[in-house]
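In my numbering, the protein residues as written are -3 to 370.
Structure follows, in structure tokens:
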């Protein structure tokens, strides 16, 4: 995103950090940071020093993060019961353009994550999700019981083949796929149990891989081709294939599915959840407000300001839903329990911590000197 304003650039970086660390909650963290900056401006106008404001914000943030830990619930799930994961993924998809299909997309995301997850270690490698490849135009459309490497029925190469190699492959009626990306090649190796070799002289029987079915399929009016490698015995790599009416819808769906994948991953790593829809922020706001009297110094004004800022998230949700913000916020918590609106604990905590740190950094800025001024 090309942004000229320096503070706006920090907000973009804030959103990117949330996306990198958690994968969801990018809008919420920016809304919260904006509300904190608005409260900080009022305190500065009243003569409170920026350092004291930052210290108060830090205290309030710690209170809120600890409270989130206290009110969090545990979602129990296993490979046979993934409904809790689906419900949480549906929450993150509710705000997307593709929300009409949120149940289906949530189930797809959870199925993909569970397929590559190590549930005993509570670990998920999202790099194992989505393998995409283009096939050679002259290869057969389908191969049964394919072996990959020496004495095989299929050859896959990261680079192209020269004319002599092409001639030999065609003469032996040996199908081949070329210009496969390095990451995709590694995922194919993981799925099929093959050993990648740099030179054909190193091919041995021990380095064979196996796939039950390799087939080529064309899609759409452009007839773009994709290679399917299926029935892999030890597969820990899966593909989610998205199709849509136009490029914009496809890109939006990809972003939505990415968020759902990240939510499912986070819940497997830490199965603590918060009730969503702004109820967690309201609960934190009440707790922070109650703790103000414990801090007799100037910081108490900043702590109270954080309590007010936390209400910005549910109020924004109410406004965007066409409801009266003040009337709606009071009934938020009970509604989320009934409607199965859930969010991950680590996502909420990360929002608070990142927003507070960025606001503290901005408060320490006295002036911005641009190179063009000299």
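All C-beta atoms in this analysis are idealised placements derived from N, C-alpha and C, irrespective of residue type, glycine included. Note that this is a predicted model, so its numbers are computed, not measured.
**Prompt:** Using CA coordinates, which residue listed in 349, 350, 358 and 294 is at the minimum distance from residue 45?
**Reply:** 294
**Straight-line Cα distance separating residue 360 from residue 15** = 25 Å
**Prompt:** Of all the options 59, 244, 40 and 347, which has the alpha carbon lying nearest to the alpha carbon of residue 27?
**Reply:** 347
**Message:** Can you find the residues in the same chain that come closer than 8 Å, C-beta to C-beta, to residue 127, ignoring five residues on each side of it along the sequence?
**Reply:** Confidence at residue 127 is low in this model, with a pLDDT of 38, below 50, so its placement is unreliable and the value that follows should be read with caution. Contacts found: 180, 183, 184, 187, 225, 233, 234 and 235.
**Message:** For the pair the stretch 301 to 313 and the stretch 276 to 285, tell me if three or more CB-CB distances fall below 8 Å.
**Reply:** yes
**Separation of residue 264 from residue 8, as counted between CA atoms** = 28 Å
**Asked** Span of the alpha helix (DSSP H) holding residue 16?
**Response** 2 to 17
**Item:** CB of residue 291 within 7 Å of CB of residue 39, strictly
**Value:** no
**Prompt:** How should residue 169 be labelled, buried or exposed, when 16 other C-beta atoms within 10 angstroms of its C-beta is the threshold for buried?
**Reply:** exposed
**Helix, strand or coil at residue 262 [DSSP, three-state]** = helix
**Message:** Within 10 Å of its beta-carbon, does residue 252 have 16 or more other beta-carbons around it, so buried, or fewer, so exposed?
**Reply:** buried
**Prompt:** Apart from the five residues on each side of it in sequence, which residues of its chain come closer than 8 Å, Cβ to Cβ, to residue 72?
**Reply:** 80 and 267
**Message:** Helix, strand or coil, according to DSSP, for residue 361 in the structure here?
**Reply:** coil
**Message:** Going by DSSP in three states, residue 271 sits in which element: helix, strand or coil?
**Reply:** strand
**Asked** Is residue 132 helix, strand or coil when you go by DSSP?
**Response** Residue placement at residue 132 is poorly supported in this model, since its pLDDT is 38, which falls under 50; the coordinates still yield a value, given next. Residue 132: coil per DSSP, three-state reduction.
**residue 60 versus 352, 118 and 248, residue with shortest Cα-Cα distance** = 352
**Item:** 8 Å CB neighbourhood of residue 135 in its chain, flanking five on each side removed
**Value:** Any reading at residue 135 needs caution, since the residue's pLDDT is 47, under 50, leaving its predicted position unreliable; the model's value is listed next. If we look at residue 135 and ignore the five residues flanking it on each side, its Cβ neighbours are 171, 172, 173 and 212.
**Message:** Using C-beta distances below 8 Å, list every residue in its chain close to residue 364, excluding the 5 sequence neighbours before and after it, in chain order.
**Reply:** 2
**Asked** From 354, 117, 25 and 70, pick the residue whose C-alpha is nearest to that of residue 345; which is it?
**Response** 25
**Asked** Quick one, are the C-beta atoms of residue 339 and residue 272 less than 7 Å apart?
**Response** yes
**Asked** Going by other Cβ atoms of all chains shown within 10 Å of its Cβ, with 16 needed for buried, is residue 317 buried or exposed?
**Response** exposed
**Asked** Can you tell which of 355, 256 and 161 has the C-alpha that lies nearest to the C-alpha of residue 92?
**Response** 256
**Request:** Identify every run of the beta strand (DSSP E) within the stretch 76 to 127, keeping only runs that are complete inside it and at least 3 residues long; order them along the chain.
**Result:** none
**Message:** Can you find the residues in the same chain that come closer than 8 Å, C-beta to C-beta, to residue 115, ignoring five residues on each side of it along the sequence?
**Reply:** 74, 75 and 264
**Request:** Please state whether DSSP places residue 214 in a helix, a strand or coil.
**Result:** strand
**Item:** Beta-carbon gap between residue 373 and residue 111 smaller than 7 Å
**Value:** Residue 373 falls outside the range modelled here, since the chain spans only -3 to 370, and no answer is possible.
**Prompt:** So is residue 244 buried or exposed if we call it buried at 16+ other beta carbons inside 10 Å?
**Reply:** exposed
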